[in-house]
Amino acid sequence: MITDERLTQDVAAELAWDPSVTATDLAVTAKDGIVTLTGRVTSFAQKHAAEAAARRVNGVKAIAEEIAVDLPFEHRRTDEDIAAAVLNRLDWDAAILPDTITAQVQDGWVSLDGAVDWNFQKDAAAIDVRSLLGVVGLSNRITIKPRANAHDIAQDIKVALGRSWFFDPKRVGIDV
């Protein structure tokens with residue numbers, strides 16, 4: 010079992026190792042596998058990178074994130090400017106179909122709503138927004154449209170296994 014002190018050191022080392030975490034004003038504590046990150050960063054992208062870095066460390070069971078985004082004056086944008094940038098970025102993303110996602114911005118916090126066909130589209134929208142100047146937080150409330158058909162799923166799995174060199178589809182049973 011990893012001690013709290015060791016986990017704290019490992020997370021701090023991972024934060025220092027990750028080039029996308031450029032904030033030096035972050036503190037790390039750990040207790041029973043729960044890591045608390047505190048401090049200030051200058052962008053939401055850095056905040057997300059710090060969380061992702063901590064999540065990668067062996068022994069981390071949960072993260073209590075208390076990082077504040079403190080935008081430099083030159084990075085501050087009005088909610089209207091941020092909303093326009095969000096829509097523009099989503100419009101330029103080929104993975105996202107037009108008119109499937111709406112955005113709301115309040116005090117720099119972006120909320121995304123809508124329904125998409127695939128999870129990668131939901132993730133793409135979050136990635137698009139995360140790096141925009143002026144964004145201080147993100148609520149990704151995009152849903153995935155249900156489109157399950159048991160027969161089609163079973164057939165698609167059989168076909169996918171047939172393409173694989175690793176599985177013999179005759180030796181694998183599929184019940185849906």
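In our numbering, the protein residues as written are 10 to 185.
The beta carbon of each residue, even a glycine, is placed where N, CA and C say it ideally should be.
Note that the coordinates shown come from a computational prediction; the quantities given were computed from them, not determined experimentally.
For this session: Starting from the C-beta of Thr33, find all residues in its chain whose C-beta is less than 7 Å away, skip the five residues before and the five after it, and write them out in chain order.
Result: Translated into the one-based positions of the sequence shown, residue 33 becomes position 24. Nothing listed; no residue qualifies.
Exercise. Span of the beta strand (DSSP E) holding Glu75?
Worked result: Locating residue 75 in the sequence shown gives position 66, counting from the first residue. That run of the beta strand (DSSP E) goes Ala71 to Val78.
For this session: Give the straight-line distance between the Cα atoms of Leu35 and Ala169, rounded to the nearest whole angstrom.
Result: Your numbering for residue 35 matches position 26 in the sequence shown. Your numbering for residue 169 matches position 160 in the sequence shown. Using only the alpha carbons, I get a separation of about 45 Å.
Problem set entry | Other residues of its chain near Ala56: CB distance less than 7 Å, five sequence neighbours each side excluded | Residue mapping note: residue 56 aligns to position 47 of the sequence shown, counting from 1. The question names Ala, yet the displayed sequence has Lys at residue 56. Counting only Cβ-Cβ distances below 7 Å, and skipping sequence neighbours, we find Val50, Ile76 and Val78.
Exercise. DSSP on Asp122, reduced to helix/strand/coil?
Worked result: Here residue 122 corresponds to residue number 113 of the sequence shown, with the count starting at 1. Residue state, collapsed to three classes: strand.
Exercise. On the premise that Ile151 lies in contact with Lys131, defined as a C-beta separation below 8 Å, what is that separation, rounded to the nearest angstrom?
Worked result: Position 122 of the sequence shown, counted from the start, is the residue given in the question as residue 131. Position 142 of the sequence shown, counted from the start, is the residue given in the question as residue 151. Indeed they touch by this definition, with Cβ atoms about 4 Å apart.
For this session: Could you round the C-beta distance between Val181 and Phe53 to whole angstroms and report it? I think they count as a contact, below 8 Å.
Result: Residue numbering aside, residue 181 sits at position 172 when the sequence shown is read from its first letter. Residue numbering aside, residue 53 sits at position 44 when the sequence shown is read from its first letter. In fact, because the Cβ distance is near 44 Å, the residues do not count as touching under 8 Å.
For this session: Measure the Cβ-Cβ separation of Leu16 and Val69 and say whether it is below 8 Å.
Result: Locating residue 16 in the sequence shown gives position 7, counting from the first residue. Locating residue 69 in the sequence shown gives position 60, counting from the first residue. For Leu16 and Val69, yes; Cβs fall inside 8 Å.
Exercise. My guess is that Ala71 and Asp27 are in contact by the Cβ rule of under 8 Å, so how many angstroms apart are they, rounded?
Worked result: Indexing the sequence shown from 1 puts residue 71 at position 62. Indexing the sequence shown from 1 puts residue 27 at position 18. Rounded, the Cβ-Cβ distance is 20 Å, inconsistent with contact.
Exercise. I think Asp102 touches Thr111, with their Cβ atoms under 8 Å apart; what is that distance to the nearest whole Å?
Worked result: Indexing the sequence shown from 1 puts residue 102 at position 93. Indexing the sequence shown from 1 puts residue 111 at position 102. At roughly 15 Å, the Cβ-Cβ gap does not stay under 8 Å, so Asp102 and Thr111 are not in contact.
For this session: State the Cα-Cα distance for the pair Thr109 and Ala124, rounded to the nearest angstrom.
Result: In the sequence shown, the residue the question calls residue 109 occupies position 100. In the sequence shown, the residue the question calls residue 124 occupies position 115. Distance between the alpha carbons of Thr109 and Ala124 is about 6 Å.
Exercise. For the beta strand (DSSP E) that Lys40 lies in, which residues bound it at each end?
Worked result: Taking the sequence shown and counting its residues from 1, one reaches residue 40 at position 31. Taken as a continuous stretch (DSSP letters only), the beta strand (DSSP E) holding Lys40 covers Leu35 to Lys40.
Problem set entry | Given Arg6 as reference, the closest of Ala134, Arg98, Lys154 and Ala22 once Cα atoms are compared | There is simply no residue 6 to check, as the chain begins at 10 and stops at 185 in what is shown.
For this session: Mark Ile91 as exposed unless 16 or more other C-beta atoms lie within 10 angstroms of its C-beta, in which case mark it buried.
Result: For the purposes of this step, residue 91 is identified with residue 82 of the sequence shown, where counting begins at 1. Looking at its Cβ environment, which holds 16 or more other Cβ atoms inside 10 Å, Ile91 is buried.
Problem set entry | Asn149 versus Pro155, Ala157, Asn158 and Asp137, residue with shortest Cα-Cα distance | Mapped onto the sequence shown, residue 149 falls at position 140. Nearest option by C-alpha distance: Asp137.
For this session: Tell me the start and end of each unbroken beta strand (DSSP E) in the region 78–165 that is at least 3 residues and wholly inside, in chain order.
Result: 110–115, 118–125 and 146–153
Exercise. Closer than 8 Å, CB to CB, is Phe175 near chain E or not?
Worked result: Protein chain content of the structure displayed is limited to a single chain, and chain E is not contained in it.
Problem set entry | Three-way DSSP call (helix, strand, coil) for Val168 in this model | The sequence position of residue 168 within the sequence shown is 159, counting from 1. Note: Val168 maps to helix in three-state DSSP.
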